[in-house]
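Asks:
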Amino acid sequence: MRAVCAGKSAASAEGKRGDGCEAGGDGGHSRAQERGRGGASIREGPLPARPALAAARDPPPVPGLRAGAAAGPRRVVRKKHMLSCFQDALVRHTSLVTQLVSQDQRVCIHFISVLFGLLCSMEDGSVTNLCIEVLIQITTHLKLEQTIHCLLDECHKELCNMPSMRGSLATLTLLGKLVDAIPALADELVMEHGNLMEHLLRGLVYPSEGIQASVCYLYGKLYSSPVAAEMLSGHFREKLFPLFLSILDGAQTKELQINCLGLLRQLLKYDLFVSMIMNQDGMEESAKNIEGSSGNTSLPLVLKKLLLSRDETLQVASAHCITAVLVHSPAKHAPAFIHADIPEFLFEHLSSSSEVLVWSSCNCLTLLVEEPLFFSKCHTVYGIEAVVRSLQGSLKMNNIELHKQGLLLFAEILTRQPEEIKLFTSSAMCRDAGRALQEAVSSPVLEVAAEALKATSAFLRKDHQSTPPVQYGELRALLEAMLNRCAEFSQTLLSRRPLGHASSRDSEKAILQRGKFLLSTLEGFRSACRLAIEFQSEPSAQENPFTAPSAKKEDTLEAFSEFLLSACDSLCIPMVMRHLEQTTHPALMEVFLSILHNLFVIVPHMKEKFSKKLASSSFIRLTLELKARFCSDLSHSALNQVCSNFLYYMCLNLLSAPEKTGPPSKEELSAVSELLQHGLPQISSRSPESLAFLSDRQYMEGAARQRQYCILLLFYLAYIHEDRFVSEAELFEAVQSFLLSLQDQGERPPLVVFKASIYLLAICQDKDNTLRETMVSAIRKFLEGIPDLQLVYTHHPLLLRFFLLYPELMSRYGHHVLELWFFWEDSSYEELDDVTSAGQPALPASLVVLFQLLRSIPSILLILLDLIYSSPVDTAHKVLNSLRTFLRRNEDIQVGGLIRGHFLLILQRLLVEHGASPSGVSKLCGKCSPTDVDILQPSFNFLYWSLHQTTPSSQKRAAAVLLSSTGLMELLEKMLALTLAKADSPRTALLCSAWLLTASFSAQQHKGSLQASRTWGLALYPVPCQVHQTLSVEMDQVLKALSFPKKKAALLSAAILCFLRTALRQSFSSALVALVPSGAQPLPATEDTVLAPLRMSQVRSLVIGLQNLLVQKDPLLSQACVGCLEALLDYLDARSPDIALHVASQPWNRFLLFTLLDAGENSFLRPEILRLMTLFMRYRSSSVLSHEEVGDVLQGVALADLSTLSNTTLQALHGFFQQLQSMGHLADHSMAQTLQASLEGLPPSTSSGQPPLQDMLCLGGVAVSLSHIRN
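At position 670 of the sequence shown (counting the first as 1) the number is 1974 in the working numbering, and the numbers step up by one without a gap.
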């Protein structure tokens, strides 16, 4: 606060006490009062200039005034009136009045002398104030040196002639205001009127606070001049210093206090005076020789006293004085104020409603916190609550400077607070602080938000956040506000981007401003990352211990860490990359890369994924460019170290989790880690220089070779993630030179380095450019020293092409590289099999390369076919699908026939190698899925043929081998479950084979008591022999398939009936097949218990289904239906003869039989009808077939030519006759003898039960044994 204002107030107050003059003020209030009293007798407006000047010099008599006692007051009024008029004229007509006064210098000096005399003679404060104003105005307007000297001389004489300082107030006030108006007079007064200082000292000790206030005011103006202050330094040290502090300490009036503080503010501008004032010992020594001074007074105590006053002005001035002392040397002077407990009262003032006082207190505290003693006295622990509340309150105001100063203080406290002294003693206070910062960083005023960012960075410190529970939600909200504010600011600048060359300077300034703000934001975010890392070793900081066990735990360190990664990915990285488009700042990039490095540690389970994203976003290139630009001349060593650390961890993460290859061993990673750690800091060259260094064939020392290794690995990882920032042709040549250099020096590179070399050669090799033989030979020699090709394999189609393109490499490594390639392929390419040729989809890039190789090098097919047999199931499956797609899409290519011939030769070789047994085929089937129809259909046919068209011993061995094939059994169960698929499914024929195979396996296993090798599912019912593998079949689904048969799928129904007939004959006791329920089942009835595992409802459903299928009159299907019906009635008869008779005697059977007989002449001689009549006769179903109708059939048979009938029909006829004989239905002995002779004349093969030579047929691509369907 300027002391001049205080001087006015002090002088005014002194004048009101009747001392005759005042230290300041303009007297306007007194003139207004006088004019008010004068009323109409005083003319409005100023007098003309010349009369006013004359009147002031020699005032005219006032009419009506009497002489005597009243003459004095009237004269004063008249003089005051004239002065007021002159002042008004001077203000309104400054140039005219100045010209008139300056025309005659003698008149001017006389006029000033008259005015000064009037000043000294008047005791009325308003008149003296008016005189002082007129004198100051006319002196400053005239600017005449002689006039000024005259006035100074008059003042000096007046003070010298005064026996006492009682009447000096006006003169002292005039001098103070004159020096204030003309600052150069300070030096002149000190140099030419040096003894004036003695009079000022007299005034200081005079017992009038008004005079003392005027003296302090004048001293303040004198010490405001550096020259005068230097000349007065001895005066201050010897006489003024101890006296002045005593006066300030004992001041009672506000005017004296303010003027003393004004003088103090001037003194505190100089180091010399600050040292004197703060030197307690020196003050006591000086006080001994000064009357009226007290040596026990110290500045901190005096200012503390003023801080404790209730006057806001004094409190503000005291804080300013403390600040003025501290700015010289906080370390030197702060302890004195701290020991005086000044911080305690400053913290109290932070809750004031006065913005000026709060700002001043914040400013003062900001300097005090630079002293460590401030914290050891625990002032911040007690004052932090006041700081936070003050910050919260000030943010609701519009005082930007107050916002900035409060945040600056908060940031200094947060930064300097010792870690061993906890600042926030409660989580609530820490939460309030975080919310205040959140509001501050969201401020629309950039300067406020910038200060808030600095405070936020300091706030995110472990010792500030360790009070349990750690409020991660609040921290996340603070960081979100910080990042959003930065993003908003960046977007604002981008949208306001100036146009034209004239605005380039403004644009550069805006970019610089945005860079600083972004840097502060990143520093805050880095503090949050550092906090997360430090909390990883704190068990109590992992999550909120007060969260209920059943509650969702979101406020945890893990969730906070994942937020940091997400925020960096979505906000930090985009902001930095946009800023890099305009400029690059090393400090900013140093902080940014350290954040990325920290995130690898913060979220370890995401470090590989994050590293891959960074690499694919060209961060390897970015970091290398930073090192080349800023670190090549050994400058920015910190940036170089951060870049190297970032690359080190990112490279290790990428190498530890490759995309489609196995991870390296711990030993390899350890070697690479050491390699990168030593080599990366040495890399600071640009890409062309790095390529030239890599191509150098000269002898390489260890350090230089390590550097080459690092460069190669960086190019490798960049290329893998599609960041190809160097020319492929140049890199291709450089890698070759590098490998040849290794060969020349007899060195073997680390496996990872060689892996990188092979990959880069494969990727960078031009289609028309091939490696020289020497290079291929060198590569093969390197490969021969590697125990497993997988150690240097990188999954890429061009790497596959590289190994297969050169015969020298393909002959040795083609099989292995193809196996690795198919193993690491993601897709099995099944989707390519379901599309017709008219709508073929585009091939994947990997298959395009493979198919090109197959066209140009057909011998590769031999390797693929060998992989089908020798590889694991998944790999073989991919090979099969790839081959099938290639053959389908290349039918018109000339090489297609050769390829198909190779395929047949390999299949034949497989069969021969396994002794014509189905084991090889079953292994092949086990590697397929139900969609591989082209492979499975012929394979199933072959297996079915092996079970039905070989000798019984061969059939038994084949069944044993096939039942031991786990893959085949699992495949069959999948196929059976697909029975109810859509009718137009291309798998219908394959389903037929699957049911026929299952029925055959079940029959062979039950017959030979064969055991399976492992358990597949749980059998619902006990079986005679315990087995370890079963095929689970749902009976309801089987019956549903028969009740609702597919269109044009009679063969499928026949196959299912074969399976069901086999199960009925085995009484569902097969060790291979188990019936499982289809969900919830109703409670069994009594008859269900007898028929278990069948239910009576299932029996009815099966009978109805068989009748419906028989009506279709399909010969093969009818044979299967009759066989299944025979097995069903046998099953029922064994459990309940009554139920069997009931089923056989149904009236619908008679209608069914006559429907079948109505098919044409001699239709009764069809084998299925003969078998059906035999069945009904067996159960004596006279209601279905009467004796008379049996006789008619016999007459028809007697008339038929039996030699023309098929073996199947003859077998059925033979069974029919045998059934009639056993029942005694042949009453006509002559007919019986004739039929018996006919039966005896039948060929032996008819009744032998051996299948005929033409028993195996291919129906719709399905191998079918007719005897199997019938019997």
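For every residue, glycine included, the Cβ atom is placed at its ideal position computed from N, Cα and C. Remember, predicted model here, so these are calculated numbers, not experimental data.
1. Flag ASP2000 as yes if its beta-carbon sits less than 8 angstroms from any beta-carbon of chain C, otherwise no.
2. To test your reading of the DSSP string, which unbroken alpha helix (DSSP H) runs of 4 or more residues are found completely within the stretch 2142-2194?
3. Tell me ALA1284's beta-bridge partners as DSSP assigns them.
4. So what's VAL1631 in DSSP terms, helix, strand or just coil?
5. Measure how close the beta-carbons of THR1627 and CYS1666 come, nearest whole angstrom, since I'm counting them as under 8 angstroms.
6. Near VAL1749, what residues of its chain come up, given a Cβ to Cβ distance below 8 angstroms and the 5 sequence neighbours on each side ignored?
7. What is the DSSP secondary structure of LEU2379, reduced to helix, strand or coil?
8. Pairs of beta-carbons, one from the stretch 1552-1563 and one from the stretch 1613-1623, closer than 8 angstroms: are there three or more?
9. By DSSP's criteria, GLU2338 is part of a beta bridge. Which residues make up the other side?
10. With LEU1423 and HIS1460 assumed to form a contact (beta carbons below 8 angstroms), what rounded beta-carbon distance in angstroms separates them?
11. What is the DSSP secondary structure of GLU1659, reduced to helix, strand or coil?
12. In angstroms with no decimal places, state the Cα-to-Cα distance between LYS1917 and ASP2130.
13. Let me check understanding here. Comparing Cα to Cα, which of ASP2340, ARG2291, ALA2293, ALA2263 lies closest to ALA2303?
14. Only counting the same chain, and skipping five residues up and downstream in sequence, which positions put a Cβ closer than 7 angstroms to that of LEU2570?
15. What does THR1860 pair with, by DSSP beta-bridge criteria?
16. Taking the Cβ atom as the reference point for each residue, do ILE2473 and LEU2461 lie within a distance shorter than 8 angstroms?
17. Taking all protein chains shown into account, do 16 or more other C-beta atoms lie within 10 angstroms of the C-beta of ASP2505, making it buried, or fewer, making it exposed?
18. With burial defined as no fewer than 16 other Cβ atoms inside 10 Å of the residue's Cβ, what is the status of HIS2446: buried or exposed?
19. Return the Cβ separation of ILE1440 and LEU1482 in integer angstroms, given the expectation that the two are a contact with Cβ distance under 8 angstroms.
20. Whose C-beta lies closer than 8 angstroms to the C-beta of GLU1755 among residues of the same chain, with five residues either side of it excluded?
21. Taking contact to mean 3 or more Cβ pairs, one atom from each stretch, closer than 8 angstroms, check whether the stretch 2058-2074 and the stretch 2016-2029 are in contact.
22. Taking only the alpha-carbon atoms, compute the straight-line gap between VAL2394 and VAL2337 and give it to the nearest angstrom.
23. Assuming GLY1421 is part of the alpha helix (DSSP H), what are its boundary residues?
24. Thinking C-alpha only, which one of MET1910, LEU2187, PRO2176 is nearest LEU2124?
25. Rounded to a whole number of angstroms, what is the C-alpha to C-alpha distance between ASP2437 and VAL2183?
26. Please tell me whether PHE1914 and ARG1780 are closer than 8 angstroms, where the distance is taken between their beta carbons.
27. Report the CB separation of GLY2006 from ARG2052 in whole angstroms; it is logged as a contact under 8 angstroms.
28. Do you know offhand how far SER2174's Cα is from GLN2241's?
29. Can you give me the C-alpha to C-alpha distance between GLY1819 and PHE1839, rounded to a whole angstrom?
30. Determine the closest residue to VAL2497 out of LEU1695, MET2481, ARG2159, with distance taken between C-alpha atoms.
31. With ALA1871 and LEU1783 assumed to form a contact (beta carbons below 8 angstroms), what rounded beta-carbon distance in angstroms separates them?
32. Would you check if the stretch 1957-1967 and the stretch 1990-2003 touch, i.e. whether three or more CB-CB distances between them fall below 8 angstroms?
33. Is the beta carbon of ILE1486 less than 8 angstroms from the beta carbon of LEU1455?
34. Look at the Cβ atom of GLN1775, then the Cβ atom of ARG1720, and state whether they are nearer than 8 angstroms.
35. Give the range of the alpha helix (DSSP H) segment to which SER2045 is assigned.
36. So, are the CB atoms of ARG2291 and LEU2300 less than 8 angstroms apart?
Replies: Reading off the structure:
1. Included in the structure is just one protein chain, with no chain C present.
2. 2149-2160, 2164-2174, 2177-2193
3. Since the first residue of the chain shown is 1305 and the last is 2575, residue 1284 is not available in this structure.
4. coil
5. Contact doesn't hold; Cβ gap of about 10 angstroms is too wide.
6. If we look at VAL1749 and ignore the five residues flanking it on each side, its Cβ neighbours are ILE1704, HIS1707.
7. strand
8. Verdict: yes, contact present.
9. BP columns for GLU2338 point to VAL2380.
10. In this structure LEU1423 is not in contact with HIS1460, their Cβ atoms being roughly 14 angstroms apart against a cut-off of 8 angstroms.
11. helix
12. 20 angstroms
13. ALA2263
14. ASP2559, LEU2561
15. GLU1847
16. yes
17. exposed
18. exposed
19. 6 angstroms
20. Excluding sequence neighbours, GLU1755 sits near HIS1707, LYS1708, LEU1711, LEU1712, ALA1715, ALA1744.
21. yes
22. 21 angstroms
23. 1409-1425
24. PRO2176
25. 53 angstroms
26. no
27. In fact, because the Cβ distance is near 14 angstroms, the residues do not count as touching under 8 angstroms.
28. 21 angstroms
29. If you draw a straight line from the Cα of GLY1819 to the Cα of PHE1839, it is about 30 angstroms long.
30. Relative to VAL2497, the option among LEU1695, MET2481, ARG2159 whose CA is nearest is MET2481.
31. 6 angstroms
32. Too few Cβ pairs lie closer than 8 angstroms, so no.
33. no
34. Not in contact: GLN1775 and ARG1720 (Cβ atoms no closer than 8 angstroms).
35. Start and end: 2032-2048.
36. With a cutoff of 8 angstroms on beta-carbon distance, ARG2291 and LEU2300 are scored as not near each other.
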